[in-house]
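Structure first, commentary second.
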């Protein structure tokens, strides 16, 4: 039985008092001290892990000012803070053992857009792509373009002075900041352009302003000598660019940009905007070696390109194994007879179409000549000016960070020297020597980056659970610092310092570094803001953070290797944060989107499971062994014990409850299993957790209902009218909600499927009779695999599929209903699921031996046979394939005459989230099928509908289900004629019917109509 996990929360009593007073004084945001909340922000996209004491989530600048005013009191001076946005930092900038102040949940609004002057004012918790969505209708965009733009916040961009693709033309974030609202450690607030007046005398803001002015002027010569002339100029207290000699003025904002939250909280920012280019062209230049791509990059830059991005063969090969490759495979084609080992993505953009076309022509003319002789290693190129295609290529490039983490084995590419920056003319030689350094240790690594700016992302693969390899990381880090210095560059060209701050003194020299410390002391004399990052106050004896500080691997290695391997879907999460994607049309992750709670994300859930495994291992429990025991017979004694524990649950702390709360909000949509570049599969380890959790705690009644629904439905279908009459009664609905926790129970199909089917047209299953059919005739038969929801709640879909089969000249065979088991898996009834899966798999394998295609109409249930069955049964699954409707139809197009347009009006496809993430070509293939039969099908980009099987029917999930539906489904359905909207998933159709009172159809039903029209 699973033990109770009673951890020590070890929150400082002084902090408890502080938080109590903070709330009493009118703090309007959230205050979270649960272990799970703290754990969710204990990691970022780096190798480090630090558990904070608390997480506070302010709603306004006033909230942040209150935090600082109160904490500046003598009794609270020991409390430290770290601002946090998207948590995408690669060097631990936002990690702290103090208090995390997260601005992303509430302070994320666009405050003002000035179309005439081309600027915008925002709260700094806003995600970069959200900002661009807001200003796009005005013809503008915020131009610094980083790979994490769909989850990184403006506050994070400002604090690391982020840049990215196109920085030669567009520059860094600091080049676009017109003004910022800064809250200082004493609570004083200052607008950096001075528009709100001078700061109050003797406030921290006033002292900081004076100190910056003094240092920038007095140390000008030293600053000019020390700071290298790079496009990616030094981040963190940018003394060089803060002084404007011609005006003899100080740009105060330059000091704050790149300061990593160590000087002040940035709550609002006024940003200049860039007109969206009217024309863009991308040239993918292909090389026979990565070295050739690097050495040829300056030539591309000289060709007056906007940007030159490079990707090596390692990243390309990983992309080919990911869902993203389906979108770009036709844009980056292999060169026949050649080995593609690197590409340079060259972009031209501007307002003048003729000017851009001429620049492109000049380059392609040269490339044509170079390709014939493979000059400079060039073996080919492709050109595209299609905006959608350009977006797909950059999306693949942006996913490169996560893709590198998807390599097989325990050694994973990690961030610690991944944003070195040298003068572009030195880049190829620098990388060549860098490679020698890594090769001498026998390390694998991938490379990509902004070669036009001399920035390359290099991530050596190391096993951070191995203390020796962790020590090797430290050794390599030191050597890379020396190598960067040799080539006149920086260790931190793009992603800030964070735990690399210890290299600051060596880089700056004692004189200049002490000046930085003076500035820190003026801003933050008590060293309360992100202490140890960049520098410490000159008067302080506090230490800088170290490269050798505690890492996630320190905790992960406490879990036995066989357990880590067994739970690889959780262990291998590298924190890239793609699951924080704000985009409502993206299927990952719906619960995170509506709660803005990091615990309710694949990253958060993976982190909680890792800690749960660690704690169990620490107590001497083998999780894999416990799991094996659950597959044995349950005892009455065990059941009694579970009831006892469930009662005591209200009185005893158990960390497992916190894990359960996070897992309980998961919709098991499985988008993470394919959308995440690391393939973090939450439903998989969620089912395993629930299975173990409920060995100690009794399950809710509704779980038993869901898990056994496939057994109940055939019984209910024997008397559907009676069942429906009962379900319509208000008192029964109320009783069901109160006693079971189930709402909006769907009605049974009337007539039932059995009543609908025509025996003379649809063959009833008879294995012996089917075996008598000659092999030459077997391709004329199609076996329809029933699923519980469509067959019993939406029977006309199965019936019309059978009619479709007949219309296409085939003979349908309706297989007897066999429980699929997915509902039991979702609820963690793994023993029950394994039994159902084995029985059904044995049956389907037996049918498959006949050589007939097996086809199911609900994509989620069909995909369960491939995914969950393979996982639970392994080599016992047998040899059979069940196809979705579109997978079966697509090859048949060659047998069917292509029709002229028979229906000029568009149909609109809303695909099931599991289907379009596990089968990324599904929507395109449905479109091809409709086109072949004379119809027009438009794909509607939507995320999850919020139903997800039975999730939306559970009373405690109802509001979340509705909120998720309102993200993308409801707005799109409002804009379209509902009778032309087609939905592949039963649960999605059920959700639409529930909230719109309209019954939408499966695309196969519309397809049947098209074929009838053309007949």
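Numbering (the working numbering), first residue to last: 11 to 1025.
Backbone N, C-alpha and C define an ideal beta-carbon position, used for all residues, glycine too.
A quick note: this is a predicted structure, and the numbers were derived from the prediction, not measured.
Counting the other CB atoms within 10 Å of its CB gives residue 485 a total below 16, which places it among the exposed residues. For residue 531, the number of other beta carbons within 10 angstroms of its own is at least 16, and it is reported as buried. In the structure shown, residue 384 falls within a coil segment according to DSSP collapsed to helix, strand and coil. Under the DSSP assignment, residue 296 falls in the beta strand (DSSP E) whose first and last residues are 289-297. Relative to the Cα of residue 221, the nearest Cα in the group 265, 237, 201 and 255 belongs to 265. The bridge partners DSSP lists for residue 339 come to none.
Residues of the same chain with a CB within less than 6 Å of the CB of residue 888, apart from the 5 flanking positions on each side, are 851 and 855 in chain order. Of the candidates 227, 618, 470 and 592, 592 places its Cα closest to the Cα of residue 141.
Contact between the segment 285-293 and the segment 184-191 is absent: fewer than three C-beta pairs spanning the two stretches fall below 8 Å. Runs of the alpha helix (DSSP H) lying entirely within the segment 836-870, each at least 4 residues long, are 840-858 in chain order. Per DSSP, residue 182 has no beta-bridge partner at all. Across the set 664, 582 and 333, the C-alpha of 333 shows the shortest separation from the C-alpha of residue 402. If you look at residue 822, you'll find it in the beta strand (DSSP E) that goes 821-824. The DSSP assignment places complete alpha helix (DSSP H) segments of no fewer than 4 residues inside the segment 943-988 at 968-985, in order along the chain. Classified as exposed, residue 1007 has fewer than 16 neighbouring CB atoms from the shown chains inside 10 Å of its CB. Within the same chain, Cβ atoms closer than 6 Å to the Cβ of residue 996 are found at 799, 800, 804 and 868, the five residues on either side in sequence being excluded.
Residue 397 sits exposed, since fewer than 16 C-beta atoms from the chains shown fall within 10 Å of its C-beta.
When DSSP states are grouped into helix, strand and coil, residue 815 belongs to the helix group.
Taking the CA atoms as reference points, residue 791 sits about 12 Å from residue 858. In the displayed model, residue 1008 falls within coil according to three-state DSSP, outside both helix and strand.
DSSP places residue 457 inside the beta strand (DSSP E), whose first and last residues are 455-460. Counting only the Cα atoms, residue 80 lies some 54 Å from residue 291. Where residue 40 is concerned, there is no enclosing alpha helix (DSSP H), although the beta strand (DSSP E) around it starts and stops at 40-42. Close CB contacts of residue 73 within its chain, under the 7 Å cut and outside five residues either way in sequence, are with 37, 38 and 39 (chain order).
At the C-beta level, residue 705 and residue 840 stay beyond 8 Å of one another. The straight-line gap separating the alpha-carbon atoms of residue 900 and residue 193 is approximately 60 Å. Ranking 902, 980 and 500 by CA distance to the CA of residue 942 puts 902 first. Each residue's CA atom was taken as its position, placing residue 49 and residue 133 some 26 Å apart. As DSSP reads the structure, residue 124 sits in a beta bridge with 129.
Secondary structure note for residue 68: it is in no alpha helix (DSSP H), with a DSSP letter that is neither H nor E. Within the segment 872-935, the complete alpha helix (DSSP H) runs of at least 4 residues fall at 878-883, 895-902 and 923-928.
In the DSSP annotation of this structure, residue 484 is not part of any beta strand (DSSP E); the continuous alpha helix (DSSP H) holding it starts and ends at 477-496.
DSSP places residue 217 in the uninterrupted alpha helix (DSSP H) bounded by 214-228.
Assigned with DSSP and collapsed to three states, residue 319 falls in strand. Here residue 693 is buried. Its C-beta has 16 or more other C-beta atoms within 10 Å. Remark: C-beta atoms of residue 294 and residue 326 do not approach each other more closely than 8 Å.
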